[in-house]
Amino acid sequence: MKKLIHTMLKAGPLFLIITFMISTGCQQQPDYSKELKPLFEKYYDVWRTGNLDDLNAIMDPNFTRHSDPGTSAEGLVNLKKLISEFRAIYPDFKLESNEEIYSENKFAGRWTMTFPSASAGREISIWGVNIIHFKNGKIVEEWDGFDNQSFMEQLGYIMMPPAAEKE
Amino acid sequence: MKNFKAFVLLYMAVLFASCTNPDSQVQENIKMYTNVWDEILNKGNIDMIDTHFASNYVSKTVTSTVNGKTEAKAYYGAFLTGFSDIEFVVEEIFGKEDRLVKRWIFNGTHSGEFSGIPPTGKKITVKGVSVARIVDGKIAEELDYMDDLGFLQQLGVIPTLGK
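These protein sequences, in sequence, are chains R and E. This note's numbering puts the first sequence at residues 890 to 1056. This note's numbering puts the second sequence at residues 1144 to 1306.
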């Protein structure tokens, strides 16, 4: 035993090296939110505030947004157009982020949007899920899906099945 | 000296064992999750729900909430009876800790009654995004968005302004 302790003392630096190598090799999944969350938050803030110039620093000029035909956009110029048009139609909406998942150069989240509606006589609320891709510190692509059916139903539309047409 | 070598080996083994790599857990979850949905939708193996869904499974979609395996089998089973030639493609999947995210496309032919709509024979394409939580290797929670309005419109449903 004495001999073992003696050898260990002599081999102290070796132990330190082994411990260091294993614990660095034992990587934690890095925290990508540090880098990506500020970009994501700035992007959502532009939807909220309409300060379109703030997009210049965070979006790739070739940014593409894939969503339903009414809210898709190709290129930063068209995104700005989309946001300003959307804000003109729905000036009083509230946008909230409910869940955020950050991975390497990727984000996924769930959001809720609420708006007062005069025609419905109450507040309308929809939710959606989106994925955002980042490249070189900029937002390059987004897929966004939201609850269009429920949105239209809350606005007073009813879904007429094809069978009902024949009757 | 022999003792010492054994000690070093043991020491390294303990260090390695205590080092659970979170990324490999995510990779394992991705493999399981992708396979389960491939089996259910592409191969019609609905019983995968029994073996790979947690008993307190909850799924929230834009139009409904599904609670537990029995409801899940009824909900997803409706897609299997409503559509044939199903082609479910995962375009992208990634994760963080116990969460997974996937972006998918569902192609199929509307050859059976679906959601009260008699078969139209139409070929439909729907895109969606799902966020899932995997607990102890089982699918515990899913949040499923799909373009439901576009989907219904492809089946001939027309949104009409009611009173």
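Note that beta-carbon positions come from the ideal geometry of N, C-alpha and C, so glycine has one too. Please read these numbers as outputs of a predicted model, since none were measured by experiment.
Considering E:Ala1283, what are the terminal residues of the beta strand (DSSP E) in which it resides?
Unbroken beta strand (DSSP E) run through E:Ala1283: Lys1281 to Met1289.
Taking Cβ-Cβ distances below 9 Å as the criterion, which residues of the stretch 1258-1292 of chain E are in contact with chain R?
From the stretch 1258-1292 of chain E, only Ser1258, Gly1259, Ile1260, Pro1261, Thr1263, Lys1270, Gly1271, Val1272, Ser1273, Val1274, Leu1286, Asp1287, Tyr1288, Met1289, Asp1290, Asp1291 and Leu1292 have a Cβ closer than 9 Å to chain R.
Check whether chain R comes within 8 Å of E:Phe1249, counting only Cβ atoms and requiring the distance to be less than that.
E:Phe1249 does not count as touching chain R.
For R:Tyr1046, go through chain E and note every residue whose CB falls closer than 9 Å to its CB, in chain order.
Near R:Tyr1046 (Cβ distances below 9 Å), the residues of chain E are Pro1302, Thr1303, Leu1304 and Gly1305.
Would you tell me roughly how many angstroms separate the C-alpha atoms of R:Leu968 and R:Ser1014, rounded to the nearest one?
Those two C-alpha atoms are separated by around 23 Å.
Answer with yes or no whether the minimum CB distance from E:Lys1216 to chain R is below 8 Å.
Judged by the 8 Å Cβ criterion, E:Lys1216 is not in contact with chain R.
Of all Cβ atoms in chain R, is any one closer than 8 Å to the Cβ of E:Val1244?
E:Val1244 counts as touching chain R.
Touch check for the stretch 1244-1253 of chain E and the stretch 1269-1289 of chain E: three-plus C-beta pairs under 8 Å?
Yes: the two stretches touch, three or more of their Cβ pairs being nearer than 8 Å.
So, using beta-carbon positions, are R:Ser992 and R:Tyr921 closer together than 8 Å?
Closer than 8 Å, so yes.
When the Cα atoms are used, what is the spatial distance from E:Val1232 to R:Met1002?
If I take the Cα positions, the gap works out to 29 Å.
For E:Gly1238, which residues in chain R fall below 8 Å Cβ to Cβ?
Simply Ile990 and Ser992.
Taking 8 Å as the threshold, find out whether the stretch 948-963 of chain R comes into contact with the stretch 1023-1038 of chain R through three or more Cβ pairs.
Touching, per the Cβ criterion.
Using only the alpha-carbon positions, how far apart do R:Val1018 and R:Pro927 sit?
Those two C-alpha atoms are separated by around 19 Å.
I need the straight-line Cα distance from E:Thr1208 to E:Ile1260, nearest angstrom please.
If I take the Cα positions, the gap works out to 21 Å.
Using only the alpha-carbon positions, how far apart do R:Ala962 and R:Ile906 sit?
Taking the straight line from one Cα to the other gives about 53 Å.
In whole angstroms, what is the alpha-carbon distance linking R:Ile895 and R:Asn987?
The question names Ile, but residue 895 of chain R is His in the sequence shown. If I take the Cα positions, the gap works out to 58 Å.
Under DSSP, the beta strand (DSSP E) around R:Thr960 begins and ends at which residues?
Looking at the DSSP string, R:Thr960 is not in any beta strand (DSSP E), and its letter there is neither H nor E.
What is the C-beta distance between E:Ile1267 and E:Phe1196, in whole angstroms, given that I count them as a contact (C-beta under 8 Å)?
About 25 Å; that fails the 8 Å criterion.
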